[in-house]
Every structure is written in C-alpha cells, then in structure tokens.
Amino acid sequence: MAEWQRTHTCGELRQTHIGQTVVLNGWVNSYRAYNDQVFVDLRDRYGLTQVVFESDQAELFAAAGDIRNEWVLSVRGKVRERLPGKHNPKLATGDIELVADALHILNRCPPPPFEVMSIPLETGFGDPELAGEDLRLQYRYLDLRRPTLQRTLSLRHRLNKVIRDYLDFQGFLELETPLLGRSTPEGARDYLVPSRIWRDEKTGRPHWYALPQSPQLYKQLLMVAGYDKYFQIARCLRDEDLRADRQPEFTQLDLEMSFVEVNDVLVLIEGLIAEIFQRCAGVTIPLPLPRLGYEEVMLKYGSDKPDWRFGLEIAELSDLATQTTFKIFQEAISSGGKVRGLNVVGGAEKFSRKGIDQLTEFVGRLGAKGLAWIKVEADKFTSPIEKFLPADAQAALRQRLKAGTGDLLLIVAGQEEIVCQSLGALRTHLATTLGLIDSARRDFQAAWIIDFPSFIWDAEEKRWAANHHPFTAPRDEDLPLLESEPAKVRAKAYDLVINGYEVGGGSIRIHNPEVQARIFAVLGMAPEQARQRFGFLLDALKYGAPPHGGIALGLDRLTMILSGTTNIRDVIAFPKNQKARDLMTGAPAAVDPKQLRELGL
RNA sequence: GGGGGCGUAGCUCAAUUGGUUAGAGUACCGGACUGUCGAUCCGGUGGUUGCGGGUUCGAGUCCCGUCGCCCUCGCCA
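Using the numbering used here, you'd call the opening residue of the first sequence number 601 and step up by one each time.
Printed below as a string of structure tokens:
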C-alpha cells in the first residue's frame, strides 16, 4: 500500500481510535488558518474530519497554509481527543481530530465556479447559497461531490438493492432486453438510431432502430417463452417534452408475471413498496394499500394521481345547481356538464378580493370559464352569486361542503373534464400556497388507482383510443359492453400513486386472440392493420401465451419521494435539462460529416 | 407550439417613481489573530447589468426583438 493511501475514511474515526496513527484521503471542505494552527475539514462521501496542522512542525505548517478548497489531500497523523469544550456535536467525528504529521497534496483545484462546501448541521449537511442549477449541471462532477447529492445517490443504490433482494427472494429472474429495437406505432415519440448496414432500396436512406420507450413488448414475449416471473431495472427513452418529474431517459422497475390476476400483482408490489419504505426511509407503510376507483378519485380529487396528504376534497354540487337561480350553473348542467366545488377551511380571511382574482386566473388558464366563490359567515354568505342562492340552496351547500364560519367555498361549473382538471390543479395550488404540505413530515400516502376506463374518446380523430395500451385486458364482466358501450368498459389496469406522483402503472394483458381482435375493432383497427403494426406480438400470443400481467415502477420518481425533492434532476447522476440538453457534455451536438455519410444521411 | 417566471461581480443577491461613481455577503489576493469549526477583524482585486435595437437630457429599471434557464398546458398508449 502506498504511504498516501487511506487507512480510514473521513466519517470513521471515533474516540476508540485515539492514539492511533492513521491516513485520511479526501477533499478540502473548508480551512481555517490561525496563528499557530491550520484547521482543514477533510471530506469524502463518508463524512468530515477535522485535521490540525500545528506550527511546531514549521515546514508542514507552511505547506498547510497554502491549502485551498477542493484540493485532494492525503494526511497522515495521530488521532487525538479534542480539547475540553472543543468537541463539535455537529460532526459524527466531532470528538476527535487528526494532528497531521505528513501531507501529500494529491491534486490542487482552482477556485471552483461555485461553492461546493457543505455546512455541518445537527441534522446532517446543509448547502450555503446553492448556485443556480444550470451552472451546477455544467460542473456536475463538482455538484455531485456535495453530501446532499451523495446521500440521494446512495439512497438510489439502496432502492435498487432492496428491489433485487425482494424479487430474487420471490423467485423472479432479472433478464435483459434490447436497447436497439423496432419502432412501434402509438405511444411516445421514439428516439431513433440509424442502421449503417440496412437501407431503403428506393430512397437509399437508412433503416432505423428505435430505443425502447419501455420493455413492454419484450416482457410479454418472455411470458410466452415461459419465464413466468421476470423483472428488469430498465432504462426507458421517450422523446417528449420534459417536466419537473420527467427526463428523456428514465429508469423503471419493469416486471411481468404469468398465471396471475390483478390482485396477485398488487399484493406483490405493495409488499415491495412496504419493504422499500422500511429499508430506505425507516417508514412503515400500512398494508394493504387502499384501492380507489378511477371515477371516485376523479370526482374527489380531480386527478387520476391525486395527492391526499391534505383535505380540500371536491364535492359534487350538480344536483344542487338546479336549486339555484344562477344561470351559469344551470347552463352547465343542461349542456351535460358538472358543478363541483371545494371548501378552503378558514380561507375567507386568507384570500382578499385580489387573492381570489388570482385563483380565478389560475383556473382560467386551465380552461375554466370562471370561479364562483363564497365567504361563509355565521348567518349568511358573502358572494357575488349570493343573490342567486335561495336559503335552501345555501343550507344544502353548507352541508355538502361541511362549511363553517370563516370558510371559503370555491366552485367551478362546466364540462366535466375541465371541472376536474381545474379543481384538481386548484387543490394542489392551494395546498402549496397555504403551506398544507409539510415535506419534513415524511408523510407517505400510497394507494392503488383501479378500474380505469379501457377507452377514451379521441374527439379530434373521432374514434375510440386505448387509454392504457391496446393489449390491456378489460374486466371480464365488462366484456359484453365492448361493442355496445365502450365508454363503460373498465380495464384490468392499475396505477400506484404516492403523494400525488404516478409512481407506477400496469395491467393484466389480453391473452385471448378473440378478445384482442374485438379490442382492435373497437379501436377502428382492421385486422391487417393490426397485423402490420404488432405482427410479431400477435403471432407470439397465438403460440400458447399464458395469462399474464405486470407493472412498471418509475424509480426516479420513487427516489424523489424517498429523498423529499420535487426535482427529478436531483436523483439522477447526470441528468438533462428541460430542453433535453446535457450541459456538461454539450449533447446533443453536431457530428462529423463522415459519420453521416456512412449512415447515408 | 401556448401561458407564467427569471437573467446584475466567479457564486448568492440588493439597487425607491427612470436620476450621482451599480452595492452587500461569499469566493479570490494581502495582512492581523493563542483552538477554529459557515472562524473573526482590517484592507484590496473583481461589472459589456444575457445579447441587439429603441424611447429619453438620462435606462439595471420602460418598449420591441433575440438567446438561455425554470415552472406549466399541449404531449408523455
């Protein structure tokens, strides 16, 4: 072992090491030069240790005086208990310090473009004046040095490990599927990779591989092949616009099982979720998870991935609308729409006229034509629509929305979709602005959303479209409705929702060719058309496909929830920005014309 | 493609209604200091106010355009 190589990490030394001569390697988190001492806090991913250089070793002391932030050092020295009263309770190593007797400067570092230093706190590490994200992304290797990100990536490792242990124990095989595949229609936009060898005969242009949006088709083929319990921690790629919780490449736990029904998948996965939260967060998730119907959550929360850590539940008011003389409500109902509202408990004082205007503007951007508001007082309503609300309607509203003095009622009327969307968004908006979500509470609310409709009407294309994907099995009792009332057919599909994030989704697949043919028919897809699009899968399903189903969990989002961030870039080592650029490498970038010529581009 | 927000020193931010030489903290450089720990104290370097144009006696501030970043709708079966 070279003399500069570490004997211990920077998070390891305790009082039991006092008197030992040790070597530490690490980065300079901070330094404090004093008359007769130079203090250097040495950092690695295990922790922080204070190193002292003392003036009685003149040469060493002089060298230590030049040390700057982020230099990489090797320090040999003797572990010493700190002076009485000089212990630092913020550090795990705070009872001791290392008195240096040798220093190797393994590498110097220019002043970094932003401060990497972390501040030891009683609760862990803090980041002073965190630099702008685009700068940190440009120097991601410096950003990743911060304990905050190192902790998140360690958590991610733990998550992967828990998943592999759990599924291995349950008898699953971890199998790999191709990255270079065939583009299939529908779904997200593919990332395409040109073939150097294969060309279109007529145009001379290359043929193309597609990078997988998910291993969906392959895992079904693995079921046909008899690998009845499969999983993979798989990278997925989708060329769509990004969000705070969406990256162009992301990671899913992809899983599929044969000879199962919905309940088998849900029980397996909620067991995994409980294991994950126990071992990654020390939190016990009570099982079984609630199973909520799609219709119910759309009504109560206005979203199919609701956050129910706070109240603000939406109530159906359509039946009361007829008791009012308010034209807008009545018109909404007579044109097939809905009137729904929610109660901001104690909100009457929190929102001025201007504040309510801002809420109106907020729902307006989501398509709502207006926002009716009522400030509830002991014996009356203060509201622009008060005069349209007879006494019995007022009483009914109070009861329906559980309204008391000082509450603020907010009501939207219109098409059901708009009402859901605007009130659903308003819920989370209000929760954020009123501070109803305390992320420090580590409150994890998980549930299944089930009974999704199999089809949604595509008004633009004037046809039924698959809500999930065209291989999702309908519920058996809804099969007779396939042709007559497609809107009423519910799918054997399920989403896992935690704290308002869609963490996963899956379904039981169709393994019966007749049912599959009827589904294609509903979707307006002729047999030859279906054959052209999904031929190899349809062939495979004919050759003895077992009943099967599965799920995919978004591991980036799960890590976000576990680590308490709302930014997906915080849980990925080398993420892309919102325009899908990698600010560190500069990808995407132009390539050599020679490369393009080889590809026929 | 649409909506919203932001862009000032290496970094984080301030700058009144459009008004003097654009400030502070931190980083960096120099000095002081008998134990610091986000050290402290003194001094110093550091600016094309994203870029281009316009209005004005005068623009960091107002207007137009453009670029970049973030949030969001569409999109993501």
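Yeah, the Cβ is synthetic: ideal placement off N, Cα and C, and Gly gets one too.
Reduced DSSP category for residue i - H, G, I as helix; E, B as strand; rest coil
{"i": "residue 877", "result": "helix"}
{"i": "residue 650", "result": "strand"}
{"i": "residue 1016", "result": "helix"}
{"i": "residue 857", "result": "strand"}
{"i": "residue 869", "result": "helix"}
{"i": "residue 1173", "result": "coil"}
{"i": "residue 806", "result": "strand"}
{"i": "residue 783", "result": "coil"}
{"i": "residue 608", "result": "coil"}
{"i": "residue 1187", "result": "coil"}
{"i": "residue 1026", "result": "helix"}
{"i": "residue 892", "result": "strand"}
{"i": "residue 655", "result": "coil"}
{"i": "residue 799", "result": "strand"}
{"i": "residue 764", "result": "helix"}
{"i": "residue 756", "result": "helix"}
{"i": "residue 846", "result": "strand"}
{"i": "residue 1213", "result": "The structure shown does not extend to residue 1213, since the chain is modelled only from 601 through 1201, so no value can be given for it."}
{"i": "residue 885", "result": "coil"}
{"i": "residue 645", "result": "coil"}
{"i": "residue 818", "result": "helix"}
{"i": "residue 738", "result": "helix"}
{"i": "residue 618", "result": "coil"}
Residue of the options minimising C-alpha distance to residue i
{"i": "residue 1145", "options": "864, 827, 1194 and 974", "result": "827"}
{"i": "residue 660", "options": "947, 809, 750 and 674", "result": "674"}
{"i": "residue 814", "options": "715, 852, 650 and 802", "result": "852"}
{"i": "residue 1157", "options": "1139, 1120 and 1099", "result": "1099"}
{"i": "residue 1072", "options": "1088, 1058, 1083 and 1094", "result": "1094"}
{"i": "residue 611", "options": "973, 1117 and 623", "result": "623"}
{"i": "residue 727", "options": "708, 749 and 712", "result": "749"}
{"i": "residue 605", "options": "694, 649, 933 and 705", "result": "705"}
{"i": "residue 621", "options": "671, 679, 644 and 609", "result": "679"}
{"i": "residue 862", "options": "842, 878 and 891", "result": "891"}
{"i": "residue 872", "options": "803, 1165, 761 and 1068", "result": "761"}
{"i": "residue 754", "options": "665, 646 and 1046", "result": "646"}
{"i": "residue 864", "options": "1108, 1173, 938 and 1009", "result": "1108"}
{"i": "residue 817", "options": "711, 781, 916 and 1065", "result": "781"}
{"i": "residue 707", "options": "1115, 1173, 669 and 983", "result": "669"}
{"i": "residue 946", "options": "1010, 985, 992 and 889", "result": "1010"}
{"i": "residue 912", "options": "1000, 875 and 1155", "result": "1000"}
{"i": "residue 1068", "options": "829, 969 and 1104", "result": "1104"}
{"i": "residue 763", "options": "917, 868, 920 and 967", "result": "868"}
Residue j beta carbon less than 8 Å from that of residue i
{"i": "residue 746", "j": "residue 883", "result": "no"}
{"i": "residue 940", "j": "residue 1023", "result": "yes"}
{"i": "residue 859", "j": "residue 1147", "result": "yes"}
{"i": "residue 856", "j": "residue 898", "result": "no"}
{"i": "residue 971", "j": "residue 989", "result": "no"}
{"i": "residue 1048", "j": "residue 887", "result": "no"}
{"i": "residue 1089", "j": "residue 1127", "result": "no"}
{"i": "residue 643", "j": "residue 629", "result": "yes"}
{"i": "residue 854", "j": "residue 834", "result": "yes"}
{"i": "residue 930", "j": "residue 992", "result": "no"}
{"i": "residue 1101", "j": "residue 938", "result": "no"}
{"i": "residue 831", "j": "residue 774", "result": "yes"}
{"i": "residue 1008", "j": "residue 1055", "result": "no"}
{"i": "residue 1064", "j": "residue 1124", "result": "yes"}
{"i": "residue 1155", "j": "residue 759", "result": "yes"}
{"i": "residue 788", "j": "residue 849", "result": "no"}
{"i": "residue 751", "j": "residue 695", "result": "no"}
{"i": "residue 1151", "j": "residue 1106", "result": "yes"}
For residue i, the residue or residues it bridges with in DSSP
{"i": "residue 851", "result": "835"}
{"i": "residue 975", "result": "982 and 1008"}
{"i": "residue 774", "result": "831"}
{"i": "residue 631", "result": "640"}
{"i": "residue 1151", "result": "855 and 1106"}
{"i": "residue 624", "result": "675"}
{"i": "residue 1048", "result": "891 and 1096"}
{"i": "residue 744", "result": "According to DSSP, residue 744 bridges with nothing at all."}
{"i": "residue 794", "result": "808"}
Check: residue i C-beta below 7 Å from any heavy atom of the ligand FMN
{"i": "residue 844", "result": "Of ligands this structure carries none, so the ligand FMN is not represented either."}
Item checked: Length at least 4, wholly inside the segment 902-964: the alpha helix (DSSP H) runs in chain order -> 918-921 and 927-934
Next item on the list: Report the residue ranges of all beta strand (DSSP E) runs contained in full by the segment 659-730; include only those spanning at least 3 residues, in chain order.
Entry: 672-681, 696-707, 719-721 and 724-726
Notebook entry, point to check: Can you give, in chain order, each stretch of the alpha helix (DSSP H) that sits fully within the segment 1050-1135 and has at least 4 residues?
Noted result: 1113-1122
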